[in-house]
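Written below as structure tokens is the structure these notes are about.
Number of protein chains: 2
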Amino acid sequence: MTLSQTQHPDPAHDHDHCVHTALTTAAHLCTARGVQLTPIRHQVLELIWESHKAVKAYELLDRIKPLKAAAKPATIYRALDFLISQGLIHRVESLNAFIGCRCSGRSHEQLLLICKHCQQVEERTPEIMLKALAKELQSAQFVAHSKAIEIHGICKQCADKA
Amino acid sequence: MTLSQTQHPDPAHDHDHCVHTALTTAAHLCTARGVQLTPIRHQVLELIWESHKAVKAYELLDRIKPLKAAAKPATIYRALDFLISQGLIHRVESLNAFIGCRCSGRSHEQLLLICKHCQQVEERTPEIMLKALAKELQSAQFVAHSKAIEIHGICKQCADKA
DNA sequence: TAAAAAGATGTTATGTTATAACATTAGCCT
DNA sequence: AGGCTAATGTTATAACATAACATCTTTTTA
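Chains as they are written, first to last, in the working numbering: chain H, 881 to 1042; chain V, 881 to 1042.
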């Protein structure tokens, strides 16, 4: 059991690779699960993966309109609900926004590090902390269904620049 | 360093005591800090402390109207902003709602256990977990400004009843 | 293969949460 | 009195999200 490794936001990383991995993994998972990654859902997922910044539902709506002029809020929210239910994206509660999930289909307890400066969100799965949390919940006799652990602050890259 | 003790929601607890403690502590803290716990702010704080359930801004608005017919959304949100800035309440990000803070003026990293059944929110300060989190943040070289750790599930009391 | 069921999307309307912007008031300091 | 700051009043609107019902498409099954 170790501390999780830094995954983002590295300004030099190959983002096309992130996107490609996310989309192909999503496609495989949906096939394996017998659920449909329809064109709308795929487009929304792709838009979310355009960057590592959390993106708002109405931003997605604006950005999908060139492709789908008839898109309405429900169009987006339904796609988001699906993607969340499949663990392909996360909702960032403290921002009312959404980010792509880097570990779809696995684990699903994550720490989100949200940079106030660059808006990028880093997802981590810090095992030691999560074990301690599990223990705390056990001691409280609280049965957890979902967990939101969201830290706002300044990421290393932005701190270095300043 | 130990696991934090259960504080709530205990159906048999003396809630008048909670309220009294919260309000007198708030008054003292504000005096000490040279900030004003005005009538509006006091009323909002009192309304929030009516229970251990998270309460929505517009619920507060409805409930304050008998006392203050002219109350508007801004009336409430400004009071909430003040109370949050003084650490007297917490915003529950995942509910868009607010709860009274049990440890005003102290610490301020807290775990919120949110019961889906009774809606009550328990605030804990689990030292082991928070140390592990601090270590994780350090390893990520992320400078935290604020932390939201919110767990949704079923509390002991509701689990026992079922 | 036709009918039924389930899943996805279209469409309209509305509900909910939150803030901006500017005016007014109250208390305090000089 | 004049000027400052903090708080509140007031109007309007922005931002976020869902309900409800219609339609279409795919799969199931009688």
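Ideal placement from N, C-alpha and C gives every residue a C-beta, glycine not left out. Since this is a predicted model, take the numbers as computed values, not measurements.
Indicate whether residue i and residue j have their beta-carbon atoms separated by less than 8 Å.
i, j, result
"A1024 (chain H)", "V972 (chain H)", "no"
"E1016 (chain H)", "R943 (chain V)", "no"
"K1041 (chain H)", "F1022 (chain V)", "no"
"I1029 (chain V)", "L992 (chain V)", "yes"
"H970 (chain H)", "F962 (chain H)", "no"
"A937 (chain H)", "L960 (chain H)", "yes"
"H1032 (chain H)", "S1026 (chain V)", "yes"
"T955 (chain H)", "I920 (chain H)", "yes"
"A1012 (chain V)", "I964 (chain H)", "no"
"Q1000 (chain V)", "H900 (chain V)", "no"
Bridge partners of residue i, per DSSP?
i, result
"H1032 (chain H)", "H:I994, V:S1026"
"Q1000 (chain H)", "H:K933"
"I979 (chain H)", "H:H970"
With a CB to CB cut of under 7 Å and the five nearest residues on each side skipped, what residues in its chain are close to residue i?
i, result
"I1034 (chain V)", "C995, K996, H997"
"A906 (chain V)", "L917, L925, L968, S984"
"L941 (chain V)", "A951, P953, I956"
"C1038 (chain V)", "C995, H997, C998"
"P891 (chain H)", "Q1037"
Once you ignore the five residues that flank residue i on each side, which residues in its own chain have a CB closer than 6 Å to its CB?
i, result
"S974 (chain H)", "E1030"
"R982 (chain H)", "E1003"
"Q990 (chain V)", "E1003, T1005"
"H893 (chain H)", "none"
Excluding the 5 residues flanking residue i on each side, which residues of the same chain have their C-beta closer than 8 Å to its C-beta?
i, result
"H988 (chain H)", "G967"
Where in the region 909-976 of chain H do unbroken runs of the beta strand (DSSP E), each at least 3 residues long, occur, reported from the N-terminal end onward?
Runs found: 969-972.
Contact set between the region 1021-1034 of chain H and chain V, restricted to residues whose Cβ is under 7 Å from the partner
From the region 1021-1034 of chain H, only Q1021, F1022, V1023, A1024, H1025, S1026, K1027, A1028, I1029, E1030, I1031, H1032, G1033, I1034 have a Cβ closer than 7 Å to chain V.
task = Give, in chain order, every residue of the region 964-994 of chain V whose Cβ lies closer than 8 Å to some Cβ of chain H.
result = Per Cβ criterion, the list reads E973, S974, L991, L993.
Check: Of the residues that make up the region 940-952 of chain H, which ones have a beta carbon closer than 7 Å to any beta carbon in chain V?
Finding: Against chain V - using a Cβ distance shorter than 7 Å - the region 940-952 of chain H contributes no residues.
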